[in-house]
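Peer 1: Everything in the sequence shown is counted per the numbering used here, starting at 9 for the first residue and increasing by one.
For glycine and all other residues, C-beta sits at the position ideal for the given N, C-alpha and C.
Before I ask anything, let me first share the structure, which is written out below as structure tokens.
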Amino acid sequence: MTAFGTQFAPEMALATFDGQQWSTPSVVPSDSISLHPGAHVLHYASTCFEGLKVFSHADGSKHVFRMDQNITRMVQSSRLISLPAFKENMLSGMILDIVGRYKDLVPAPPGTMYLRPTHIGTEAAIGKAAAPSAQSMLYVLASPVGDYFASGDTTLRLLIDEQGMRCAPHMGMVKSGGNYASALQVLNKARAEHQADQVLFCPDGDVQETAAANFILIDGNELITKPLDTSFLHGVTRASILTLAADMGMIVSERDLSVAELIERSANGDAEAALSGTAAVLTPVGTLIYNGKEHTVGTGKPGAKTIQLRKALNDIQFGVAEDRHGWLTSV
Ligand SMILES: *Cc1c(COP(=O)(O)O)cnc(C)c1O
Numbered sequence: 009m010t011a012f013g014t015q016f017a018p019e020m021a022l023a024t025f026d027g028q029q030w031s032t033p034s035v036v037p038s039d040s041i042s043l044h045p046g047a048h049v050l051h052y053a054s055t056c057f058e059g060l061k062v063f064s065h066a067d068g069s070k071h072v073f074r075m076d077q078n079i080t081r082m083v084q085s086s087r088l089i090s091l092p093a094f095k096e097n098m099l100s101g102m103i104l105d106i107v108g109r110y111k112d113l114v115p116a117p118p119g120t121m122y123l124r125p126t127h128i129g130t131e132a133a134i135g136k137a138a139a140p141s142a143q144s145m146l147y148v149l150a151s152p153v154g155d156y157f158a159s160g161d162t163t164l165r166l167l168i169d170e171q172g173m174r175c176a177p178h179m180g181m182v183k184s185g186g187n188y189a190s191a192l193q194v195l196n197k198a199r200a201e202h203q204a205d206q207v208l209f210c211p212d213g214d215v216q217e218t219a220a221a222n223f224i225l226i227d228g229n230e231l232i233t234k235p236l237d238t239s240f241l242h243g244v245t246r247a248s249i250l251t252l253a254a255d256m257g258m259i260v261s262e263r264d265l266s267v268a269e270l271i272e273r274s275a276n277g278d279a280e281a282a283l284s285g286t287a288a289v290l291t292p293v294g295t296l297i298y299n300g301k302e303h304t305v306g307t308g309k310p311g312a313k314t315i316q317l318r319k320a321l322n323d324i325q326f327g328v329a330e331d332r333h334g335w336l337t338s339v
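Here is the structure:
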């Protein structure tokens with residue numbers, strides 16, 4: 009299997025904003041775009057993106073998961089990063105158009121088609137360090153993918169970082185390129201020095217999230233995760249897992265969690281921790297590395313509730329369980 013996100017459908021959906029209006033979306037080859045070297049995005053990181061998936065059901069039908077949520081978030085990201093506004097129905101039309109054309113490339117379960125809507129500032133204006141790009145380009149890439157973390161019984165090792173932060177506090181809820189670049193140095197160091205898989209960013213002891221996934225703690229029948237604020241990315245998977253946990257009768261506590269409480273509760277035999285995201289789905293965390301010491305979460309193995317929640321979500325996505333919340337759009 010090729011690495012996640014390196015294979016693409018031969019075409020993508022594309023629309024451009026010329027400063028006045030959006031072009032009619034079209035379908036174009038996906039192997040290149042033409043950009044002026046002075047394009048705003050290349051200098052001042054005027055970019056945001058989305059990640060969502062298309063699932064194949066047993067009857068051969070294809071379904072996009074919670075497309076409306078991703079589109080709303082992308083409109084919001086574009087606004088917060090001062091990129092030109094666009095209508096939600098333009099992007100949904102582009103998504104459905106490209107998926108419709110390349111339905112046959114949606115892999116069989118557990119594979120999926122990952123979609124990457126991307127919005128970039130294209131104005132050739134290196135003098136606009138302190139002004140938005142007047143022009144932009146919006147496109148939707150489609151990438152057939154396998155299981156992102158096909159790790160079987162293994163769990164992740166997370167380094168707890170209280171010193172730095174993933175990104176500027178007001179940028180946390182924007183799915184924007186610069187945030188990921190800003191986390192890389194910390195992540196590389198954590199990998200080299202602690203054999204960590206990810207860094208859990210906890211500025212001043214406040215448990216937030218990793219570079220690209222939300223964090224949840226499960227202790228007995230309670231699920232704890234940070235309440236929505238501007239400091240972190242509001243995951244669609246996070247929201248879906250909270251809904252499914254409530255459906256299962258769990259107590260869902262959206263509240264701030266300190267590193268001290270996390271370390272203390274992780275020692276409970278039935279504690280579980282997991283990362284949630286479109287790519288990660290729900291990936292179990294087995295070890296927390298804090299101040300040079302390793303703390304096993306619960307048994308250190310994938311937790312029963314984590315497995316149950318992940319399965320409940322996957323069953324809806326792949327059409328094995330009823331879509332009671334109306335999360336799927338058939339293509
Ligand atoms: C995309 C992303 C997530 C997960 O969001 P989903 O909508 O669940 O895919 C969480 N944190 C960050 C920083 C992200 O970029």
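Is it true that the CB of E96 sits closer than 8 Å to the CB of R81?
Peer 2: For the purposes of this step, residue 81 is taken as the residue at position 73 of the sequence shown. For the purposes of this step, residue 96 is taken as the residue at position 88 of the sequence shown. Contact: no.
Peer 1: Compute the beta-carbon to beta-carbon distance between G160 and G119, rounded to the nearest angstrom, for a pair I have assumed lies under 8 Å.
Peer 2: Taking the sequence shown and counting its residues from 1, one reaches residue 160 at position 152. Taking the sequence shown and counting its residues from 1, one reaches residue 119 at position 111. Incorrect: roughly 17 Å between the Cβ atoms, too far for contact.
Peer 1: With DSSP as the reference, label I168 as helix, strand or coil.
Peer 2: Taking the sequence shown and counting its residues from 1, one reaches residue 168 at position 160. Three-state result, I168: strand.
Peer 1: Any heavy atom of ligand 1 inside 7 Å of the beta-carbon of N322?
Peer 2: Indexing the sequence shown from 1 puts residue 322 at position 314. For ligand 1, not one heavy atom lies less than 7 Å from the Cβ of N322.
Peer 1: Under three-state DSSP, which class holds V328?
Peer 2: The sequence position of residue 328 within the sequence shown is 320, counting from 1. Three-state DSSP puts V328 in coil, outside helix and strand.
Peer 1: Entirely within the segment 259–317 and at least 4 residues each: give me those alpha helix (DSSP H) ranges in chain order.
Peer 2: Fully enclosed alpha helix (DSSP H) runs of 4 or longer: 267–274.
Peer 1: When you measure from the CB of T80 to every non-hydrogen atom of ligand 1, does any distance come out below 7 Å?
Peer 2: Taking the sequence shown and counting its residues from 1, one reaches residue 80 at position 72. Flag unset: Cβ of T80 not near ligand 1.
Peer 1: How far does the alpha helix (DSSP H) with K20 in it extend, from its first residue to its last?
Peer 2: Within the sequence shown, residue 20 is the residue found at index 12, counting from 1. The identity of residue 20 in the sequence shown is Met, whereas the question assumes Lys. M20 -> not in any alpha helix (DSSP H); beta strand (DSSP E) instead, spanning E19 to F25.
Peer 1: If distances are taken between C-alpha atoms only, which option among S42, A268 and V72 comes closest to D331?
Peer 2: Counting from one through the sequence shown, the residue named residue 331 turns up at place 323. Nearest option by C-alpha distance: V72.
Peer 1: On a Cα-Cα basis, can you pick out the residue from F25, A66, S42 and T163 that is closest to A312?
Peer 2: Taking the first residue of the sequence shown as 1, we reach residue 312 at position 304. Closest option to A312, Cα to Cα, is T163.
Peer 1: Determine the contact status of S413 and M20, defining contact as a CB-CB distance below 8 Å.
Peer 2: Since the displayed the chain opens at 9 and closes at 339, residue 413 lies outside it and no answer follows.
Peer 1: How about the segment 14–28 and the segment 101–114: do they share at least three Cβ pairs that are nearer than 8 Å?
Peer 2: Output reads yes: the segment 101–114 touches the segment 14–28.
Peer 1: Do you know whose CA, among A268, V260, Y188 and M121, lies nearest E170's CA?
Peer 2: Along the sequence shown, read from residue 1 onward, the residue named residue 170 stands at position 162. Residue A268 is the option with its Cα nearest to E170.
Peer 1: Compute the beta-carbon to beta-carbon distance between K70 and V114, rounded to the nearest angstrom, for a pair I have assumed lies under 8 Å.
Peer 2: In the sequence shown, counting from the first residue as 1, residue 70 sits at position 62. In the sequence shown, counting from the first residue as 1, residue 114 sits at position 106. Between V114 and K70 the Cβ distance is about 5 Å, and since that is below 8 Å, they are a contact.
Peer 1: From G334 to L252, what does the alpha carbon distance come to, in whole angstroms?
Peer 2: Here residue 334 refers to the residue found at position 326 when the sequence shown is read from its first residue. Here residue 252 refers to the residue found at position 244 when the sequence shown is read from its first residue. Roughly 13 Å separates the two Cα atoms.
Peer 1: Extract the residue ranges of the alpha helix (DSSP H) inside the segment 35–91, only unbroken runs of 4 or more that lie entirely within it.
Peer 2: Counting whole runs of 4 or more residues, the segment 35–91 contains the alpha helix (DSSP H) stretches 48–52 and 75–88.
Peer 1: In three-state DSSP terms, what is D155?
Peer 2: As a working mapping, residue 155 is identified with position 147 in the sequence shown. The answer is coil: DSSP assigns D155 none of H, G, I, E or B.
Peer 1: Would you report the Cα separation of V49 and M258, rounded to the nearest angstrom?
Peer 2: Counting from 1 along the sequence shown, the entry for residue 49 is found at position 41. Counting from 1 along the sequence shown, the entry for residue 258 is found at position 250. Straight-line Cα distance between these residues: approximately 44 Å.
Peer 1: Within 7 Å: the Cβ of T222 and any heavy atom of ligand 1?
Peer 2: In the sequence shown, counting from the first residue as 1, residue 222 sits at position 214. Note on residue identity: the sequence assigns Asn, not Thr, to residue 222. Indeed, a heavy atom of ligand 1 lies less than 7 Å from the Cβ.
Peer 1: With which residues is F209 paired in a DSSP beta bridge?
Peer 2: Start at 1 with the first residue of the sequence shown, and residue 209 comes out as number 201. According to DSSP, F209 bridges with D169 and E217.
Peer 1: Check whether the Cβ atoms of A17 and G129 lie closer than 8 Å to each other.
Peer 2: As a first step, residue 17 is located in the sequence shown; it is residue number 9 there, counting from the start. As a first step, residue 129 is located in the sequence shown; it is residue number 121 there, counting from the start. Result no, Cβ atoms of A17 and G129 do not sit closer than 8 Å.
Peer 1: Taking just the CA atoms, how far does N222 sit from P235?
Peer 2: By one-based count along the sequence shown, residue 235 stands at place 227. By one-based count along the sequence shown, residue 222 stands at place 214. About 11 Å.
Peer 1: In angstroms with no decimal places, state the Cα-to-Cα distance between N318 and A133.
Peer 2: Taking the first residue of the sequence shown as 1, we reach residue 318 at position 310. Taking the first residue of the sequence shown as 1, we reach residue 133 at position 125. It should be noted that the sequence gives Arg, not Asn, for residue 318. Their backbone Cα atoms lie some 46 Å apart in a straight line.
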